[in-house]
Amino acid sequence: MLEMTGCSTYSICLFEILFSMDQLHHTKKSQNAALIEIDEGIRLHIAWAQKVFQYLVLKTPAEPQFSAKESHLLCHFGKWFQSNHTKFEKINPDKTRELEQVHYLVHHHLHNIFSKLSDNQCIEAALVSQYQKSQNDLLELLIYFRTHLITQALQYDPLTGLALRYGMENQFSTLRQSTEKNQKILAVGLLDLDHFKAVNDQYGHQAGDEVLAHTAQILRDSLRDTDNIFRFGGEEFLIFLEVDNADSLHEIIDRIFQSLHSNPTRLKSGEVIYITATVGIIHVGPDESMEKAIARADQAMYSGKQQGRDRAVFA
Numbered sequence: 110m111l112e113m114t115g116c117s118t119y120s121i122c123l124f125e126i127l128f129s130m131d132q133l134h135h136t137k138k139s140q141n142a143a144l145i146e147i148d149e150g151i152r153l154h155i156a157w158a159q160k161v162f163q164y165l166v167l168k169t170p171a172e173p174q175f176s177a178k179e180s181h182l183l184c185h186f187g188k189w190f191q192s193n194h195t196k197f198e199k200i201n202p203d204k205t206r207e208l209e210q211v212h213y214l215v216h217h218h219l220h221n222i223f224s225k226l227s228d229n230q231c232i233e234a235a236l237v238s239q240y241q242k243s244q245n246d247l248l249e250l251l252i253y254f255r256t257h258l259i260t261q262a263l264q265y266d267p268l269t270g271l272a273l274r275y276g277m278e279n280q281f282s283t284l285r286q287s288t289e290k291n292q293k294i295l296a297v298g299l300l301d302l303d304h305f306k307a308v309n310d311q312y313g314h315q316a317g318d319e320v321l322a323h324t325a326q327i328l329r330d331s332l333r334d335t336d337n338i339f340r341f342g343g344e345e346f347l348i349f350l351e352v353d354n355a356d357s358l359h360e361i362i363d364r365i366f367q368s369l370h371s372n373p374t375r376l377k378s379g380e381v382i383y384i385t386a387t388v389g390i391i392h393v394g395p396d397e398s399m400e401k402a403i404a405r406a407d408q409a410m411y412s413g414k415q416q417g418r419d420r421a422v423f424a
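Heads up, our numbering is the position in the sequence shown plus 109, with the first residue counted as 1.
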């Protein structure tokens, strides 16, 4: 007798995965689009699994996308996967190849089941187990890709590619330990673009996004690989730096300002936007928390705004 428990349980598990996606709708548009695409693939396979259950229970003739030897190329999920293959490759090439192979095995085992049914042969428990295992493997791989996208959404800003606040505490703690061990200075800088609202008002939010992305690239180019840059919110960028002394800190900040002044944002429309920034920089105290350090950097930055903007204030 053919055991269908694994098939129905698989569908239920997939539905539970889909229900959890509602909490993700607050993430940025690009991650949302990727998650929606993954979920669409899951939905297609759910529909396929439900149809399989129907065919096997009712013992009705199956369509080619279920019973044919090349059914993995004919099913809706298979077509969807091929159309999104490049996107999967960018996330993890090895996992993509594994997903491709597992999807083939799902159909291969099912083809063997349908073949035996059509010949009125007994369905061995081993064949059912192979089919169920391939279904579970497929589910695990889809969960892997969804988890990766969710993690990216939490950790990185899709507009600038910079890290978000997630994990910031760990980075701060790691740098503190390093600076204490190496007898260096841990500095926190808060950079805020000047008159950024005017950019949005005059040129539109698309232009504002281009300015933010361009500024993020300037920061990456101006800072060292060991420095930490975060999109802190709006037009603010947070920087953690480990430096030998105050002079080296001043050199780094000067480099940022020189690059900002000499590299305006060239919009896709062809217009050029010159923008300045105000930075507050502080040396972190021996027992100072990250929150207090950021608050002091914010106060220093605000002081720079009051003094006329386009400057760094060291406190």
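We treat Cβ as the ideally placed atom computed from N, Cα and C, and that holds for glycine.
*I232 in three-state terms, based on DSSP*: If DSSP states are grouped into helix, strand and coil, I232 belongs with coil.
*So is Y383 buried or exposed if we call it buried at 16+ other beta carbons inside 10 Å?*
Around the C-beta of Y383, fewer than 16 other C-beta atoms lie within 10 Å, and the residue is accordingly described as exposed.
_Any contact between the segment 264 to 278 and the segment 315 to 331? By contact I mean 3 or more CB pairs, one from each, below 8 Å._
Result yes; three or more Cβ-Cβ pairs closer than 8 Å.
*Using 6 Å as the cut-off, classify the Cβ of F281 as near or not near the heavy atoms of the ligand SAM, replying yes or no.*
This structure lacks the ligand SAM; in fact it carries no ligand of any kind.
*Provide the residue span of the beta strand (DSSP E) that contains V352, from first to last.*
Where V352 is concerned, the enclosing beta strand (DSSP E) stretches over 345 to 352.
_Rounded separation between K178 and L219 - CA only_ = Approximately 9 Å between the Cα atoms of the pair.
*asked:* Please classify H212 as buried or exposed, where buried requires at least 16 neighbouring CB atoms within 10 angstroms.
replied: Taking every protein chain shown into account, the CB of H212 has 16 or more other CB atoms within 10 angstroms, so this residue is buried.
*Quick one: Cα of T256 to Cα of D228, how far?*
Taking C-alpha positions only, T256 is separated from D228 by approximately 42 Å.
*asked:* Please report the distance separating the alpha-carbon of L182 from that of L214.
replied: In this model, L182 and L214 are separated by some 12 Å (Cα to Cα).
*By DSSP, does C116 sit in helix, in strand, or in coil?*
Unreliable positioning characterises C116 in this predicted model, as indicated by a pLDDT of 41, which lies under 50. A coordinate reading is not provided.
*By how many angstroms is the C-alpha of R364 removed from the C-alpha of L300?*
Straight-line Cα distance between these residues: approximately 14 Å.
*Buried or exposed: which applies to Q132, given that a residue is buried once 16 or more other Cβ atoms fall within 10 Å of its Cβ?*
Caution applies to Q132, whose pLDDT of 34 falls short of 50 and renders its modelled position unreliable; the model cannot decide the point.
*Looking only at its own chain, which residues have a Cβ that is under 6 Å from the Cβ of W189, when we skip the five neighbours before and after it?*
Excluding residues within five positions, the ones whose Cβ falls inside 6 Å are G150, L153.
_Beta-carbon proximity list for T114, same chain, < 8 Å, skipping 5 on both sides_ = Legend: pLDDT at T114 = 38, less than 50; position of this residue unreliable, no value from coordinates given.
_I403 classed as buried or exposed, judged by whether at least 16 other C-beta atoms fall within 10 angstroms_ = Counting Cβ neighbours within 10 Å, I403 comes out buried, since at least 16 surround it.
*asked:* Quick check: the Cα distance between V393 and L144, rounded to an integer number of angstroms?
replied: Computed Cα separation, rounded: 39 Å.
*Buried or exposed: which applies to F337, given that a residue is buried once 16 or more other Cβ atoms fall within 10 Å of its Cβ?*
It should be noted that the sequence gives Asn, not Phe, for residue 337. Classification of N337: buried, given that the 10 Å Cβ count is 16 or more.
*Drop a sphere of 10 angstroms on the beta-carbon of E351, count the other beta-carbons inside from all chains shown, and report buried for 16 or more, exposed for fewer.*
Result: buried.
*Alpha-carbon spacing of Q244 relative to P202, whole angstroms*: The alpha-carbon of Q244 is positioned some 20 Å away from that of P202.
*Taking all protein chains shown into account, decide if G276 is buried (16 or more other Cβ within 10 angstroms of its Cβ) or exposed.*
Burial is judged here by how many other beta carbons sit within 10 angstroms of a residue's own beta carbon; G276 has fewer than 16 and is exposed.
*How many Å lie between F162 and I232 at the Cα?*
Rounded to whole angstroms, F162 to I232 spans 15 Å at the Cα level.
*alpha helix (DSSP H) containing T324: first to last residue?*
Secondary structure note for T324: its alpha helix (DSSP H) is the uninterrupted segment 314 to 331.
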